[in-house]
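A quick write-up on the structure given underneath.
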Amino acid sequence: MCSKDKSLHIDVVDVGAVVAPSDTTILSALEAANVNIHYHCREGFCGACRTKLLQGEVEYITDPLAFIDDDEILPCCCVAKSALKIKVPL
Numbered sequence: 000m001c002s003k004d005k006s007l008h009i010d011v012v013d014v015g016a017v018v019a020p021s022d023t024t025i026l027s028a029l030e031a032a033n034v035n036i037h038y039h040c041r042e043g044f045c046g047a048c049r050t051k052l053l054q055g056e057v058e059y060i061t062d063p064l065a066f067i068d069d070d071e072i073l074p075c076c077c078v079a080k081s082a083l084k085i086k087v088p089l
């Protein structure tokens, strides 16, 4: 029987492992795991949650308007498409 669980593993540098359901933003998964992350808007407007993506792939559910570098993501408006390794600003 095939499992419908599409949760993915997120390795958060200096914090530990977090499990992210495929239909949940990375920000929501981090919050559920009690990872302290700064944010304001939850829609990709402000860039406050800007996070380094060290490994893996994400998909944006809302096009971000905030400026991000090629090696950064906005966890508030994206979901994990593969296992990830990220560095959250402390």
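So in numbering that gives the first Met the number 0, spot 58 of the sequence shown is number 57, and the numbers just go up one at a time. All C-beta atoms, glycine included, are put in the ideal place defined by N, C-alpha and C. Given the structure is predicted, the values throughout are model-derived calculations rather than measurements.
Span of the alpha helix (DSSP H) around residue 47:
Mapped onto the sequence shown, residue 47 falls at position 48. Per DSSP, residue 47 belongs to no alpha helix (DSSP H) and is neither H nor E.
Give the DSSP-derived three-state secondary structure of residue 16 in the structure shown.
Residue numbering aside, residue 16 sits at position 17 when the sequence shown is read from its first letter. Three-state DSSP puts residue 16 in a strand.
Alpha-carbon spacing of residue 29 relative to residue 65, whole angstroms
Numbered from its first residue, the sequence shown carries residue 29 at position 30. Numbered from its first residue, the sequence shown carries residue 65 at position 66. The alpha-carbon atoms of residue 29 and residue 65 are separated by roughly 20 Å.
Spatial neighbours of residue 32 within its chain, please: C-beta separation below 6 Å, excluding the five flanking residues on both sides.
By 1-based counting over the sequence shown, the position of residue 32 is 33. For residue 32, where only same-chain residues beyond five positions count, the Cβ hits under 6 Å are 17.
Grab the span of the alpha helix (DSSP H) containing residue 25 for me, first residue to last.
Reading the sequence shown from its first residue, position 26 is the one you call residue 25. Start and end: 25-31.
Work out the CA separation of residue 62 and residue 42 for me, nearest whole Å.
For the purposes of this step, residue 42 is identified with residue 43 of the sequence shown, where counting begins at 1. For the purposes of this step, residue 62 is identified with residue 63 of the sequence shown, where counting begins at 1. Each residue's alpha carbon lies about 8 Å from the other.
Near residue 22, what residues of its chain come up, given a Cβ to Cβ distance below 8 Å and the 5 sequence neighbours on each side ignored?
Position 23 of the sequence shown holds residue 22. Hits under 8 Å: 5 and 78.
Assigned secondary structure, residue 76 (DSSP; H/G/I helix, E/B strand, else coil):
On the sequence shown, residue 76 is found 77 positions in, with the first residue counted as 1. Note: residue 76 maps to helix in three-state DSSP.
Buried or exposed for residue 74, going by 16 or more other Cβ atoms inside 10 Å?
In the sequence shown, the residue the question calls residue 74 occupies position 75. It is buried - the Cβ of residue 74 has at least 16 other Cβ atoms within 10 Å.
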